[in-house]
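Q: Mind looking over this structure? Questions follow.
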Amino acid sequence: MYAPERQQEILRLARDGGRVDVLSLAEVFQVTAETVRRDLKALDRAGLVRRVHGGAIPAGRLDFEPDLAERESTAADEKDRIARAALAELPAEGSVVLDAGSTVARLAAELPLESELTVVTHSLPTAARLADHPGIQLHLIGGRVRHRTRAAVDAWALRAYGEIRADVVFLAANGFSAEAGLTTPDLAEAAVKRVAVAAARRVVLLADSGKYGQEHFARFGDLTDVDLLITDTGLDPEDAAAIEAGGTEVARV
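For what it's worth, this note's numbering labels the leading residue of the sequence shown as 25, then goes sequentially.
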């Protein structure tokens, strides 16, 4: 099967099923995963699909949101490197906000036992990882818990973040770009992310390169709100330079 024919079939499958994933497509068409990624890139450039972690969804669908297990397994090596690099941004005996997100949760898991920090989070998985840490004063923000992300949202969470001032927030996003800013699929989560950013003196975004250029339904800030972006080497150097030209420092690890 020639590439144009395969791409048309991929588009049909995406529209019929709402999503396609790279490994399944590679098996269906008996090609390599890299070939499928090139097909998806071509369809994305044509505006027919939008690439997401591990696959693609039909263009125009901005509400797609992977579940927690899928987030944990996607770009795992890149997320581990980003989390380890973020350790250098921790304030000595200071206060941090940890956003809900798989890469931020990895940062929590990497915190050394000798760390002495005040940690505020609205993420249940992150709080669970830190609950027994001997040097952490842990504050868990309450609210309605979203099943898909295990994050607290709504009025209680918004009010609590409005009452604190932290040294740094380690932020997560489903998509980021200079044009669309920082986005996520859910309005309630976007609102909490917005107040978490406002509650910190310094904003560090932890996001793998696959999220660059992605746009989702709910916008919660501009890329210029971010002091430091820690991402992986998959981000094109030209894109990194463009981000830095806007005032955001970029670390590719």
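Positions of the beta carbon are idealized from the N, C-alpha and C atoms, including for glycine.
#1: Would Arg-74 and Ala-83 qualify as a contact pair, given that the criterion is a beta-carbon distance under 9 Å?
#2: What whole-angstrom Cβ distance do Pro-158 and Arg-174 have, given they're in contact under 8 Å?
#3: Looking only at its own chain, which residues have a Cβ that is under 6 Å from the Cβ of Phe-53, when we skip the five neighbours before and after it?
#4: Going by DSSP, what residue range makes up the alpha helix (DSSP H) through Pro-136?
#5: By DSSP, does Gln-54 sit in helix, in strand, or in coil?
#6: Are the region 199 to 206 and the region 44 to 62 in contact at 8 Å, needing three or more beta carbon pairs?
#7: Quick one: Cα of Ser-233 to Cα of Ala-57, how far?
#8: Decide yes or no for the touch test of the region 258 to 269 against the region 161 to 173: beta carbon pairs closer than 8 Å, at least 3 of them.
#9: Classify Arg-189 as helix, strand or coil using the three-state DSSP reduction.
#10: Please name the residue, chosen from Glu-187, Arg-172 and Thr-248, that lies closest to Gly-271 on a Cα-to-Cα basis.
#11: I need the DSSP call for Gly-78, collapsed to helix, strand or coil.
#12: How would you write the range of the beta strand (DSSP E) that Leu-253 sits in, first residue to last?
#13: Among residues of its own chain, excluding the 5 on either side of Glu-134, which ones have a beta-carbon nearer than 7 Å to its beta-carbon?
#14: Mind pulling the alpha helix (DSSP H) runs of 4 or more residues that sit fully within the region 159 to 214?
#15: Could you check the C-alpha separation between Val-128 and Phe-194 for me, to the nearest Å?
#16: Measuring CB to CB, does Val-192 end up less than 9 Å from Pro-136?
#17: Since Val-120 and Leu-141 should fall inside the 8 Å C-beta cutoff, what is the C-beta to C-beta distance between them, to a whole number of angstroms?
#18: Applying the 10 Å Cβ sphere with the 16-neighbour rule, what's the burial state of Leu-211?
#19: Rounded to whole angstroms, what is the Cα-Cα separation between Leu-253 and Asp-123?
#20: Please classify Arg-183 as buried or exposed, where buried requires at least 16 neighbouring CB atoms within 10 angstroms.
#21: Looking at the strands, I want to know which residues DSSP matches up with Leu-230.
#22: Closest by CA to Arg-226, which one among Asp-101, Glu-113 and Val-55?
#23: Give the range of the beta strand (DSSP E) segment to which Leu-154 is assigned.
#24: Could you pull out every residue in the same chain whose Cβ sits closer than 6 Å to the Cβ of Asp-68, ignoring the five residues on either side in sequence?
#25: Residue range of the alpha helix (DSSP H) that Arg-243 falls in?
A: Looking at the atomic coordinates:
#1: yes
#2: Actually they do not touch by this definition, with Cβ atoms about 24 Å apart.
#3: Arg-30
#4: Where Pro-136 is concerned, there is no enclosing alpha helix (DSSP H), given that its DSSP letter is neither H nor E.
#5: coil
#6: no
#7: 18 Å
#8: no
#9: coil
#10: Ranking Glu-187, Arg-172 and Thr-248 by Cα distance to Gly-271 puts Thr-248 first.
#11: For Gly-78, the three-state secondary structure derived from DSSP is coil.
#12: 252 to 255
#13: Ala-107, Arg-108 and Leu-111
#14: 179 to 185
#15: 7 Å
#16: no
#17: Between Leu-141 and Val-120 the Cβ distance is about 6 Å, and since that is below 8 Å, they are a contact.
#18: exposed
#19: 14 Å
#20: exposed
#21: Paired residue(s): Ile-254.
#22: Considering only alpha carbons, the answer is Glu-113.
#23: Careful: Leu-154 lies outside any beta strand (DSSP E), inside the alpha helix (DSSP H) at 148 to 154.
#24: In its chain, beyond the 5 residues on either side, Arg-75 have a beta carbon closer than 6 Å to the beta carbon of Asp-68.
#25: Note, Arg-243: premise wrong, no alpha helix (DSSP H); beta strand (DSSP E) at 242 to 245.
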